[in-house]
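A.B. asks: First the structure, which I've put down as structure tokens, then a few questions once you've had a look.
Protein chains: 2
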Amino acid sequence: MTEAKNAFYAQSGGVTSVINASACGVIETARKNPDKIANVYAGRNGIIGALMEDLIDTNQETEADIAALKFTPSGAFGSCRYKLKAFEENMVQYERLIEIFKAHNIGYFFYNGGGDSADTCYKISKLSEKKDFPIQTIHIPKTVDNDLPITDVCPGFGSVAKYIAISTREASYDVSSMAKTSTKVFVIEVMGRHAGWIAAAAGLAADKNNDIPIVILFPEIEFNQEKFIAKVDVNVKKYEYCSIVVSEGARWPDGKFLAEQGTHDAFGHAQLGGAAPVVANIVKEALGYKYHWAVADYLQRSARHIASKTDVEQAYALGKAAVDMVIAGENAVMPTVVRKSDSPYVWEIGRAKLEDVANVEKKMPKEFISDDGFGITEACRRYLLPLIEGEDYPPYKNGMPQYVTLKNKSVAKIVNTKFSL
Amino acid sequence: MTEAKNAFYAQSGGVTSVINASACGVIETARKNPDKIANVYAGRNGIIGALMEDLIDTNQETEADIAALKFTPSGAFGSCRYKLKAFEENMVQYERLIEIFKAHNIGYFFYNGGGDSADTCYKISKLSEKKDFPIQTIHIPKTVDNDLPITDVCPGFGSVAKYIAISTREASYDVSSMAKTSTKVFVIEVMGRHAGWIAAAAGLAADKNNDIPIVILFPEIEFNQEKFIAKVDVNVKKYEYCSIVVSEGARWPDGKFLAEQGTHDAFGHAQLGGAAPVVANIVKEALGYKYHWAVADYLQRSARHIASKTDVEQAYALGKAAVDMVIAGENAVMPTVVRKSDSPYVWEIGRAKLEDVANVEKKMPKEFISDDGFGITEACRRYLLPLIEGEDYPPYKNGMPQYVTLKNKSVAKIVNTKFSL
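Protein sequences appear in the order of chains A and B.
For the first sequence, the working numbering begins at 2 and goes up steadily by one.
For the second sequence, the working numbering begins at 2 and goes up steadily by one.
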């Protein structure tokens, strides 16, 4: 048996309410295999931590605190939006990584993120071959956008989907009861710049026991103002109200985001963002209905208080699987969720080669969007429902969820040379 | 013993996640006293239902459906924003109410709302004396704004407070983990046009285990742009990020709402609302930090999925108390929550005379806002904490909360004459 090496774990890109559950799966499983993995070093603020030799010693954390990661939203070690360039463009970054990994006896590289980090993972695995530096790289999927290929779902998505579906149902009940004399149109803006997965989840707010009129504006469907106004009006005339869900990625026919309406403040400065107020104004101008609008923004992806149990379990299982995989000698792979059946939802852990994951974006299938472009189909519902199944409530004290803040103690520097990002 | 009379119950103004729990308390308690209360007729869309003789027969609802009101947000019978005028201005409305109440043998009037409905209740009780039409009127308090006097708290507020405190904590964890390379300033806009109670609740996101930098903009404190920017900058320099909570009622020194920034869209139309984007822009202009913003809007007051257990219990208890009070022969009163101690929170039901409630607004005490005007004091924390205590989760099926939609069958009209609102 070879000497135990250290593992490096980093969180990448926008965080979610369950990415720490994957971290928990990695660290708890590594701790059960001390003969193989001596310590898990986490990158402080993601891959930047590796480049700056700013490593966190997770062995300093108590078992209870590591267990608490399973119900703590956000990135406990810090994440970053920082993409490594191609080899040719910035070889010095890759060489720096190898220098740090060698110095700290790191034999395993776990990168927990979306498409970009899968690509980074893949590059490091190629480099490992080229430089004859043995490191096993595993990508652990995470993204609320749900846009990674092969895996049935990306951890983080199920909980956002649940939050948006519930919030849309709750707000619709509210509007419904006020519509006689007050608000008739409610607009909620949701995340998903390139794909309408999150917007689609709002469709779950309506079902056979909840006859709620919902109009969804997907990024996949070019915004047709005339058809949209007609649809809203039909709903208001039938139901006395209408709920509208607009993806931040919804676009005008010319390709511009709805959010880029060209609004300016009193000083003439461009006013940034908010597809929701733009859509609300369009309805007001055309139909005159009183409206309200909400922008969920970070609330949706950090809402650990109403996380999907399925999502939490998958996030943990994928972190655990990553460690199991390196122990089994695997390299340049990503553990995936494989769906065996819809109802009951049966899933198991599979694997995808990083070369098949990197730079491939999973789009919403056309058959998930209804013919009129404003709703979801039964096929979409069958896909989504299992992902929001179950509630995994965090513990509470004094009425507030008890999330953990780790000690995040630094590993002593060994290389200790300056490096500029 | 007199013959049993019917009761009229109506919901008024903006709904909450627990106003139906009060309805549940009224109806369940009335059903236990059939010798005194024959039936509870609910106004369809509030008081409008009485004026239009559009009454809902709650006896048609099953026990299970009435019980489900306890965990269903919104106004199950419809609410309205419709204020009765003064006697002198529109006596015809009051006479119409008496006509309808007499025709349907209504001896008890339960009005579930905020300040305006307390005033209406009071007027009807005065009218009852004047016209020698015996009706017992009870006002059941409800308002997320928490601005009714005498009662320790208004049902609806505790759950919004809990939602905003939790959401602010969760989003702050998110921003904290991204701040190194991404968003440094997060702005969330909350309700409360005249009082900062809800904004204050966001202060609970931080405590001794959660060192979160939060800057609150209260409607009670004139917005000082210079001090605000300095405060945010100090926080970002110390913590790498800052969370900002802005009340929709926050104002410029000239009295204008921050939300009325004078923004216009591409067509020159005034762009309505959103204090959050205005505040975010102010920070961006002055400090250049990357920001995100959220507007919770109706999500906050309909979020039954994370209602405060204390709030639900009080909402139910006040509904029940209203019925107990009419049975005890009381009139022109409002059941209240009386706080006996902070910790543990001990409360009991008290009563206030409607003449002491109508047209009195409870403001946030000055000693609840910190000296710099951007935070809450320990006294405020002691007041707020008990109100968010406990979680009262609704039942779930297929990952979604199972809220009830009542049958809401109409009572046959007796007067059956036309009436214009």
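Built from N, CA and C at the ideal position, the CB exists for glycine as well.
1. Quick one: grab the DSSP three-state call for A:A5.
2. Which residue's Cα is closest to the Cα of B:P396: B:Y164, B:A68 and B:T378?
3. From the beta carbon of A:G79, is the nearest beta carbon of chain B less than 7 Å away?
4. With C-beta atoms as the reference, is B:V93 less than 7 Å away from B:V324?
5. In terms of residues, what are the limits of the beta strand (DSSP E) holding A:W294?
6. Cβ closer than 9 Å: which chain B residues qualify as neighbours of A:T204?
7. Looking only at C-alpha atoms, which of B:G250, B:K232, B:T152 and B:N211 sits nearest to B:R352?
8. Within the continuous alpha helix (DSSP H) that includes B:W198, where are the two ends?
9. Strictly below 7 Å CB to CB, what residues from chain A border B:I199?
10. So which residues of chain B does A:Y290 contact, with C-beta pairs closer than 8 Å?
11. Could you tell me the alpha carbon to alpha carbon distance between B:H105 and B:Q226, rounded to whole angstroms?
12. From A:K132 to A:E100, what does the alpha carbon distance come to, in whole angstroms?
13. Report the three-state DSSP secondary structure of A:M401 (helix, strand or coil).
14. Given A:E390, which residues of its chain have a CB within under 8 Å of its CB, disregarding the five upstream and five downstream residues?
15. Count the other CB atoms, across all protein chains shown, that sit within 10 Å of the CB of A:V313; report buried if there are 16 or more and exposed otherwise.
16. Measuring straight from C-alpha to C-alpha, what distance separates A:R302 and A:K239?
17. Any Cβ of chain B within less than 7 Å of the Cβ of A:T121?
18. Rounded to whole angstroms, what is the Cα-Cα separation between B:K209 and A:H306?
19. Any C-beta of chain A sitting closer than 7 Å to the C-beta of B:M365?
20. When you compare the CB of A:S244 with every CB in chain B, is at least one pair closer than 7 Å?
21. Is it the case that the Cβ atoms of B:S244 and B:P220 are separated by a distance below 7 Å?
22. So, A:E368 versus A:A380, is the Cβ gap smaller than 7 Å?
23. In chain order, what residues of the same chain have a beta carbon less than 7 Å from the beta carbon of B:V327, not counting five sequence neighbours either side?
24. In chain A, what lies closer than 8 Å to B:L386 by C-beta?
25. Hey, is A:M53's beta-carbon within less than 7 Å of any beta-carbon in chain B?
26. What residues from the stretch 40–73 of chain B come within 9 Å of chain A, judged by C-beta to C-beta, listed N to C?
27. State yes or no: is the beta carbon of B:I230 nearer than 7 Å to at least one beta carbon in chain A?
28. Tell me where the beta strand (DSSP E) around A:A281 begins and ends.
29. What whole-angstrom Cβ distance do B:G50 and B:G204 have, given they're in contact under 8 Å?
30. Check the C-beta distance from B:Y42 over to B:A24 and give it rounded, since I have them as a contact under 8 Å.
31. Jot down the residue ranges of each uninterrupted alpha helix (DSSP H) in the stretch 345–410 of chain B, minimum 4 residues, whole runs only, in chain order.
32. By DSSP, does A:K143 sit in helix, in strand, or in coil?
33. Can the beta-carbon of B:A22 be found closer than 7 Å to that of B:K71?
34. Check each candidate in B:S344, B:L128, B:V334 and B:E286 and name the one with the smallest Cα separation from B:K357.
35. With a threshold of 7 Å between beta-carbons, can A:H140 be considered close to chain B, or not?
36. To the nearest angstrom, how far is it from the Cα of B:N113 to the Cα of B:I20?
C.D. replies: Well, looking at it:
1. Stepping through the first sequence from its first residue, residue 5 of chain A is reached at position 4. Coil at A:A5, not helix or strand.
2. Position 395 of the second sequence holds residue 396 of chain B. Comparing Cα-Cα distances from B:P396 to each of B:Y164, B:A68 and B:T378, the minimum goes to B:A68.
3. Locating residue 79 of chain A in the first sequence gives position 78, counting from the first residue. Chain B, which has a Cβ nearer than 7 Å to the Cβ of A:G79, makes this yes.
4. Here residue 93 of chain B corresponds to residue number 92 of the second sequence, with the count starting at 1. Here residue 324 of chain B corresponds to residue number 323 of the second sequence, with the count starting at 1. For B:V93 and B:V324, no; Cβs fall outside 7 Å.
5. Position 293 of the first sequence holds residue 294 of chain A. Segment Y292 to V296, the beta strand (DSSP E) holding A:W294.
6. One-based indexing of the first sequence puts residue 204 of chain A at position 203. It is worth fixing the name first, because residue 204 of chain A is Gly in this sequence and not Thr. Those within 9 Å of A:G204 in chain B number zero; the least Cβ separation is about 12 Å.
7. For the purposes of this step, residue 352 of chain B is taken as residue 351 along the second sequence, with counting starting at 1. Selected option, being the one with the closest Cα: B:T152.
8. Position 197 of the second sequence, counted from the first residue, corresponds to residue 198 of chain B. Unbroken alpha helix (DSSP H) run through B:W198: W198 to A202.
9. Translated into positions along the second sequence, residue 199 of chain B becomes position 198. Going along chain A, no residue has its Cβ under 7 Å from B:I199, so there is no contact; the nearest lies around 15 Å.
10. By one-based count along the first sequence, residue 290 of chain A stands at place 289. The premise fails here: A:Y290 is roughly 13 Å from chain B at the closest Cβ pair, so nothing lies under 8 Å.
11. Here residue 105 of chain B refers to the residue found at position 104 when the second sequence is read from its first residue. Here residue 226 of chain B refers to the residue found at position 225 when the second sequence is read from its first residue. One C-alpha to the other measures close to 58 Å.
12. Here the question's residue 132 of chain A lines up with position 131 in the first sequence. Here the question's residue 100 of chain A lines up with position 99 in the first sequence. Using only the alpha carbons, I get a separation of about 11 Å.
13. As a working note, residue 401 of chain A is residue 400 in the first sequence. Note: A:M401 maps to strand in three-state DSSP.
14. The count along the first sequence starts at 1 and reaches residue 390 of chain A at position 389. The answer, listed in chain order, is S309, K310, T311 and Y346.
15. What you label residue 313 of chain A is simply residue 312 of the first sequence in a count that begins at 1. Counting Cβ neighbours within 10 Å, A:V313 comes out buried, since at least 16 surround it.
16. The residue you call residue 302 of chain A lines up with position 301 of the first sequence. The residue you call residue 239 of chain A lines up with position 238 of the first sequence. Going from the Cα of A:R302 to the Cα of A:K239 covers about 33 Å.
17. Translated into the one-based positions of the first sequence, residue 121 of chain A becomes position 120. Cβ-Cβ to chain B under 7 Å: no for A:T121.
18. As a first step, residue 209 of chain B must be located in the second sequence, where it is residue number 208. As a first step, residue 306 of chain A must be located in the first sequence, where it is residue number 305. B:K209 and A:H306: Cα-Cα distance of roughly 20 Å.
19. For the purposes of this step, residue 365 of chain B is identified with residue 364 of the second sequence, where counting begins at 1. Taking Cβ atoms only, chain A never reaches closer than 7 Å to B:M365, which makes this a no.
20. Translated into positions along the first sequence, residue 244 of chain A becomes position 243. Chain B, which has no Cβ nearer than 7 Å to the Cβ of A:S244, makes this no.
21. Your numbering for residue 244 of chain B matches position 243 in the second sequence. Your numbering for residue 220 of chain B matches position 219 in the second sequence. No, the Cβ-Cβ distance between B:S244 and B:P220 is not below 7 Å.
22. The count along the first sequence starts at 1 and reaches residue 368 of chain A at position 367. The count along the first sequence starts at 1 and reaches residue 380 of chain A at position 379. In contact: A:E368 and A:A380 (Cβ atoms closer than 7 Å).
23. Within the second sequence, residue 327 of chain B is the residue found at index 326, counting from 1. Excluding sequence neighbours, B:V327 sits near Y109, Q137 and I139.
24. The count along the second sequence starts at 1 and reaches residue 386 of chain B at position 385. Simply N399 and G400.
25. Along the first sequence, read from residue 1 onward, the residue named residue 53 of chain A stands at position 52. By this cut-off, A:M53 is not an interface position.
26. R45, N46, G47, I49 and T73
27. Within the second sequence, numbered from 1, the residue matching residue 230 of chain B stands at position 229. Not closer than 7 Å to any Cβ of chain A, the Cβ of B:I230 fails to qualify, so no.
28. The count along the first sequence starts at 1 and reaches residue 281 of chain A at position 280. Not the beta strand (DSSP E): A:A281 falls in the alpha helix (DSSP H), residues A276 to L288.
29. In the second sequence, counting from the first residue as 1, residue 50 of chain B sits at position 49. In the second sequence, counting from the first residue as 1, residue 204 of chain B sits at position 203. So it is not a contact: roughly 39 Å between Cβ atoms.
30. Here residue 42 of chain B refers to the residue found at position 41 of the second sequence. Here residue 24 of chain B refers to the residue found at position 23 of the second sequence. Contact doesn't hold; Cβ gap of about 12 Å is too wide.
31. 355–358 and 379–385
32. Here residue 143 of chain A corresponds to residue number 142 of the first sequence, with the count starting at 1. If DSSP states are grouped into helix, strand and coil, A:K143 belongs with coil.
33. The residue given as residue 22 of chain B occupies position 21 in the second sequence. The residue given as residue 71 of chain B occupies position 70 in the second sequence. Contact: yes.
34. Within the second sequence, the letter at position 356 stands for residue 357 of chain B. It is worth fixing the name first, because residue 357 of chain B is Asp in this sequence and not Lys. Nearest option by C-alpha distance: B:V334.
35. For the purposes of this step, residue 140 of chain A is taken as residue 139 along the first sequence, with counting starting at 1. No - not a single Cβ of chain B is within 7 Å of the one on A:H140.
36. The residue labelled residue 113 of chain B in the question sits at position 112 within the second sequence. The residue labelled residue 20 of chain B in the question sits at position 19 within the second sequence. One C-alpha to the other measures close to 8 Å.
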